[in-house]
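Note that the sequence shown covers residues 9 to 205 in our numbering. All residues carry an ideal CB built from backbone N, CA and C; glycine is no exception. It should be emphasised that the depicted structure is a prediction, and the values quoted were computed from it without experimental measurement. Below is one structure, written out as structure tokens; the observations come after it.
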Amino acid sequence: AQEGTVPDWNFANHSRRISYYQQFVRDHPTYAGGYLWLLDELLADGRLDEAQTVCDALQQQDNSCRAAFYQGRICWQRGDREAAQTIWDRMLAEHSEDWLAFACMADAMAAACHYDEALRYARKAQQLQPAPKYTDSQEMAAQIHEIRGDYKQAIENRQEQLALLEQEWGLTEGRDVDFIIREIDRLRRAQEKRVQT
């Protein structure tokens, strides 16, 4: 019901989506998004040699920070954390004014459970981002603080997220707003339960 992880490879692998995106890339070889979608699926399945080939092709189509980000992810998943960090450090130096480079680093650090670094990179991404700004930084911060058991800070992050939706996007109602309000209520209940125990 919660779309949990399935350990059975027969059901958990992404081979059908990989086949779909492989064909998509063949049909649309100049569309960078197709390479990104394919890379995400290949990395999820640990098909790193194929991912490297796709990453090389992406680099020919996209001169943003994305190819370097995925090259670092491939190295990280191979277990070469030092090479990954070197690639990502170079990416940030070469794209020092690009909010997306810092958002990618925030994702990589959050996935590695390097939460303080993830929060730092997410804040930097949001500072660099032009208006209207996304709320990814607040969403990441809320999730990280909840993982750490800091419900008060997670609630504050969700409230910042609500304020940003209103200020940047003019949103005061609807699905996105309702979701955040439900999250704040859930976090308050979790905080109260923790205080009672």
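message = So for Ala130, helix, strand or coil by DSSP?
response = helix
message = So, for Ser145: in the same chain, excluding its five sequence neighbours on each side, which residues have a beta-carbon less than 7 Å away from its beta-carbon?
response = Closer than 7 Å at Cβ, skipping near neighbours: Ala130, Arg131, Ala133, Gln134.
Within-8 Å CB hit, Ala101 to chain B = Looking at the structure shown, chain B is missing, and only one protein chain is on hand.
Cutoff 6 Å; reference Asn21; Cβ partners in own chain excluding five residues on either side = Asp53
query = Once you ignore the five residues that flank Ser23 on each side, which residues in its own chain have a CB closer than 8 Å to its CB?
reply = Answer for Ser23: Asp53, listed in chain order.
key: C-beta contact flag for Arg86 and Leu44 at 8 Å   = no
query = Sorted by chain position, which residues of the same chain lie with C-beta nearer than 7 Å to Leu173's C-beta, five sequence neighbours on each side aside?
reply = Thr143, Leu179, Asp184, Val185
key: Nearest-angstrom beta carbon gap, Pro140 and Trp177 [assumed within contact, 8 Å]   = Their Cβ separation, rounded to whole angstroms, is 5 Å, which keeps Trp177 and Pro140 in contact under 8 Å.
ask   = Alpha carbon to alpha carbon, how far is Lys160 from Gln199?
value = 7 Å
Backbone CA spacing between Ile163 and Asp35 [nearest angstrom] = 45 Å
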